[in-house]
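First the structure, in the form of structure tokens, and then the observations on it.
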Amino acid sequence: MANITEAEIRKIVESIVRGTVSGNESAEKWTSTTYCGRTLVGVYADMNEAIEAADRGYRAVRAMSVEQREKIITEIRRLTVAEAAIMAEMGVAETGMGKVEHKRLKHILVAEKTPGTEDIVSEAKTGDNGLTLTEMAPFGVVGAITPSTNPSETVICNSIGMIAAGNGVVFNPHPNAICVSNYAVDLVNRASRAAGGPEVLVCSMVKPTLETANIMQTHPKIRLLVCTGGPGVVKAVLSSGKKAIGAGAGNPPVIVDDTADVVKAGKDIIDGCTFDNNLPCIAEKEVFAFRNIADKLIAEMQKNGAYLINKDQADQLAKIVLVEKTNKAGKTVKTVSRDCVGRDADVLLAKIGVKVSKDIRCVICETDFMHDFVQHELMMPILPIVRVDNIDQAIELAVKAEHGNRHTAHMHSKNVDHLSAFAKAVETTIFVKNAPSYAGIGFGGEGHTTFTIAGPTGEGITSARSFTRKRRCVMAESFRII
Ligand code: NAD
3 MANITEAEIR KIVESIVRGT VSGNESAEKW TSTTYCGRTL VGVYADMNEA IEAADRGYRA
63 VRAMSVEQRE KIITEIRRLT VAEAAIMAEM GVAETGMGKV EHKRLKHILV AEKTPGTEDI
123 VSEAKTGDNG LTLTEMAPFG VVGAITPSTN PSETVICNSI GMIAAGNGVV FNPHPNAICV
183 SNYAVDLVNR ASRAAGGPEV LVCSMVKPTL ETANIMQTHP KIRLLVCTGG PGVVKAVLSS
243 GKKAIGAGAG NPPVIVDDTA DVVKAGKDII DGCTFDNNLP CIAEKEVFAF RNIADKLIAE
303 MQKNGAYLIN KDQADQLAKI VLVEKTNKAG KTVKTVSRDC VGRDADVLLA KIGVKVSKDI
363 RCVICETDFM HDFVQHELMM PILPIVRVDN IDQAIELAVK AEHGNRHTAH MHSKNVDHLS
423 AFAKAVETTI FVKNAPSYAG IGFGGEGHTT FTIAGPTGEG ITSARSFTRK RRCVMAESFR
483 II
């Protein structure tokens, strides 16, 4: 299929927006693989068919040289950069969450910093008994569940890594982000075809549901499950009886002590917290500030687009952004309102009658430790600040607020002992020092990127090698050449 034109994209985005606004077009839109006359390749109505197609894709990749695989990945990178703005617009239009410009940057980050086939490295061991090779082999067909917060970013990032490792992939995308996720699936397949690969290399569902996820989780041809999402879905996948990689929820705390460059800390924290309206799971979610620098930190945050609300306003807003639901065990629990996740700060403030301009990027407030804003992963630009007396109290509270997710934590300090003590105590997969949170996924920080950070199962910042299984090949008594 030829590259999509600007006019086609306008039509797709407008149709998404119209569908979202009126709700009338949704049913037809979501039960078709055709969006405004454009047929997406690799999108199936039946999960079993999708798995069979992904299996054929896997067999085609297995038959290819690594060089050919890398050519497909190069083309995926090229198309992702070329169509980053399109997917950013689609993502915001479809989910109602996030910032177009930040989503564009996230796609470019994925295109440029997701490792390809170079990540697959064989090991050799030689000795008196000969040569043993350990190679990173594909699993086969990977079943991947993706979130609404970074939908197409995760589809493309997973595709690059999983294809580099030699796998086929079937996605069960988030029901609130079907269009943009399937657009990304189509992009990967267009890249495959353009680079001489199979027409269908990765697959997805016209209408992903919990039932289709269940078929995926139990299908014998799915050899690895990779789940990026909240605690419910990670638990479901880890209970499937298959090998699974779980990338779950976080609630990243930030400590700012009195040795920190407070001017920089104020800016970095607001930049990180507001990136894509706080949707990234690594983004700053609550601050523990030393009492003697807290006023200055708040003032610096205000200089960087933060709006300070008082305690009553914070309590009022908490009742809106968190809603009560009855869980499966019949218990009443608070969960974030989907109407508030990833929304702009001015939109959130308007809900409590505060009118501000679009220059306001973040809502900040002082709270105590037990406040809902501290305890819940909000995924919106609301940042509570808790004053602390010393490093011991800061670490104790920050570790508690992280809730044992062991996902991500941040600290602004020049005291090496404080930095080391918090890093040790919090045990997170990512620990960012003196920078905005996104430095932890290679945006302004060293290292590769991923949108699947696998804390619970230990793969960490996933890459191609995370999607492989190790195989050993032994040549006894020969091939040691020294
Ligand atoms: P979500 O948990 O609502 O949904 C994720 C996916 O799981 C969706 O496709 C959904 O349809 C599916 N799903 C939900 N319950 C399921 C079940 N029981 N069985 C099968 N599938 C099920 O996620 P979301 O709201 O889009 O994303 C936000 C959450 O994901 C946050 O908690 C965030 O921290 C986390 N997240 C983590 C990472 C990471 O790398 N660790 C990355 C992105 C998002």
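Just so we're aligned, residue 3 is where the sequence shown starts under my numbering, counting upward by one. Note that the Cβ used here is the ideal one computed from N, Cα and C, for glycine as well.
Since Phe292 is in the beta strand (DSSP E), which residue starts that stretch and which ends it? Along the sequence shown, one-based indexing puts residue 292 at 290. 288 to 292 is the span of the beta strand (DSSP E), which, as asked, contains Phe292.
Strand pairing of Lys472, partner residues [DSSP]: Counting from one through the sequence shown, the residue named residue 472 turns up at place 470. According to DSSP, which records beta bridges pairwise, Lys472 is partnered with Met138.
Can Cys364 and Thr464 be called in contact, C-beta distance under 9 angstroms? Within the sequence shown, numbered from 1, the residue matching residue 364 stands at position 362. Within the sequence shown, numbered from 1, the residue matching residue 464 stands at position 462. Not closer than 9 angstroms, so no.
Give the single residue among Pro222, Gly231, Ile257, Gly232 whose Cα lies nearest to the Cα of Gly243. For the purposes of this step, residue 243 is taken as residue 241 along the sequence shown, with counting starting at 1. Of Pro222, Gly231, Ile257, Gly232, the residue nearest in Cα terms is Pro222.
Short of 7 angstroms in beta carbon distance, which residues of its chain neighbour Phe371, apart from the five on each side in sequence? Order them along the chain. To locate residue 371, count along the sequence shown from 1; it is residue 369. These residues qualify, in order along the chain: Val388, Leu399.
When the Cα atoms are used, what is the spatial distance from Ala456 to Pro177? Residue numbering aside, residue 456 sits at position 454 when the sequence shown is read from its first letter. Residue numbering aside, residue 177 sits at position 175 when the sequence shown is read from its first letter. Spanning the two alpha carbons is a distance of roughly 22 angstroms.
Going by other Cβ atoms of all chains shown within 10 Å of its Cβ, with 16 needed for buried, is Glu404 buried or exposed? Within the sequence shown, numbered from 1, the residue matching residue 404 stands at position 402. So Glu404 counts as buried.
Mind pulling the alpha helix (DSSP H) runs of 4 or more residues that sit fully within the segment 291 to 321? 293 to 305
Determine the direct distance from the alpha carbon of Lys287 to that of Ile397, and round the result to whole angstroms. Taking the first residue of the sequence shown as position 1, residue 397 is located at position 395. Taking the first residue of the sequence shown as position 1, residue 287 is located at position 285. Taking the straight line from one Cα to the other gives about 15 angstroms.
Below 8 angstroms, is the gap between the Cβ of Ile455 and the nearest heavy atom of ligand 1? Within the sequence shown, residue 455 is the residue found at index 453, counting from 1. Yes, since a heavy atom of ligand 1 falls inside the 8 angstroms radius drawn around the Cβ of Ile455.
With 16 as the cutoff for other CB atoms within 10 Å, does Glu461 come out buried or exposed? For the purposes of this step, residue 461 is identified with residue 459 of the sequence shown, where counting begins at 1. Buried, because 16 or more other Cβ atoms sit within 10 Å of the Cβ of Glu461.
Taking the alpha carbon of Arg473 as the point to measure from, which residue in Ala126, Ile75, Glu72 has its own alpha carbon closest? Residue numbering aside, residue 473 sits at position 471 when the sequence shown is read from its first letter. Checked all of Ala126, Ile75, Glu72; the closest Cα to Arg473 is Ala126.
Is the distance from the Cβ of Ser439 to the Cβ of Ala285 below 9 angstroms? By 1-based counting over the sequence shown, the position of residue 439 is 437. By 1-based counting over the sequence shown, the position of residue 285 is 283. Yes; because the gap between Cβ atoms is below 9 angstroms, this pair is in contact.
Sort Pro200, Val172, Arg192 by Cα distance to Ala215 and report the nearest one. The count along the sequence shown starts at 1 and reaches residue 215 at position 213. Comparing Cα-Cα distances from Ala215 to each of Pro200, Val172, Arg192, the minimum goes to Val172.
Thinking C-beta only, is Val258 closer than 9 angstroms to Val264? As a working note, residue 264 is residue 262 in the sequence shown. As a working note, residue 258 is residue 256 in the sequence shown. Cβ distance < 9 angstroms, so Val264 and Val258 count as in contact.
Mind checking which residues open and close the alpha helix (DSSP H) that includes Ile110? To locate residue 110, count along the sequence shown from 1; it is residue 108. Its alpha helix (DSSP H) spans residues 102 to 115.
Runs of alpha helix (DSSP H) wholly within the segment 320 to 363 (minimum 4 residues, chain order): 347 to 352
Own chain partners of Leu81 with C-beta closer than 6 angstroms, once the 5 adjacent residues on each side are dropped: Translated into positions along the sequence shown, residue 81 becomes position 79. Result list for Leu81: Leu189, Ala193, in chain order.
Three-state class that DSSP yields for Asn253 in the structure shown: Sequence index remark: in the sequence shown, residue 253 carries index 251 (1-based). Coil at Asn253, not helix or strand.
Compute the beta-carbon to beta-carbon distance between Glu77 and Ala251, rounded to the nearest angstrom, for a pair I have assumed lies under 8 angstroms. By 1-based counting over the sequence shown, the position of residue 77 is 75. By 1-based counting over the sequence shown, the position of residue 251 is 249. So it is not a contact: roughly 34 angstroms between Cβ atoms.
Is the beta carbon of Met218 closer than 9 angstroms to that of Gly145? Locating residue 145 in the sequence shown gives position 143, where the first residue counts as 1. Locating residue 218 in the sequence shown gives position 216, where the first residue counts as 1. The answer is yes: Cβ separation under 9 angstroms.
With a threshold of 7 angstroms on Cβ separation, who are the neighbours of Val68 within its own chain once the five nearest residues in sequence on each side are excluded? Taking the first residue of the sequence shown as 1, we reach residue 68 at position 66. Same-chain partners within the cutoff: Thr119.
Let me know the secondary structure DSSP gives Lys237 once reduced to three states. To locate residue 237, count along the sequence shown from 1; it is residue 235. DSSP places Lys237 in helix when its eight states are reduced to three.
Sequence-distant residues of its chain with Cβ nearer than 7 angstroms to Val83 (five each side left out): Here residue 83 corresponds to residue number 81 of the sequence shown, with the count starting at 1. These residues qualify, in order along the chain: Ile110, Ala113.
Complete alpha helix (DSSP H) runs within the segment 394 to 439 (minimum length 4 residues, chain order): 418 to 428
First through last residue of the alpha helix (DSSP H) which encompasses Cys205: Position 203 of the sequence shown, counted from the start, is the residue given in the question as residue 205. Unbroken run through Cys205 is the beta strand (DSSP E), 204 to 207; no alpha helix (DSSP H).
Cβ atoms of Ile88 and Val143: under 9 angstroms apart, would you say? Residue numbering aside, residue 143 sits at position 141 when the sequence shown is read from its first letter. Residue numbering aside, residue 88 sits at position 86 when the sequence shown is read from its first letter. No, these two residues do not count as a Cβ contact at 9 angstroms.
What first and last residue would you give for the alpha helix (DSSP H) that runs through Val182? Counting from one through the sequence shown, the residue named residue 182 turns up at place 180. Its alpha helix (DSSP H) spans residues 180 to 196.
Quick one: Cα of Met477 to Cα of Val123, how far? Here residue 477 corresponds to residue number 475 of the sequence shown, with the count starting at 1. Here residue 123 corresponds to residue number 121 of the sequence shown, with the count starting at 1. Rounded to whole angstroms, Met477 to Val123 spans 19 angstroms at the Cα level.
Over the uninterrupted beta strand (DSSP E) stretch that includes Arg389, give me the two end residues. Mapped onto the sequence shown, residue 389 falls at position 387. 384 to 390 is the extent of the beta strand (DSSP E) around Arg389.
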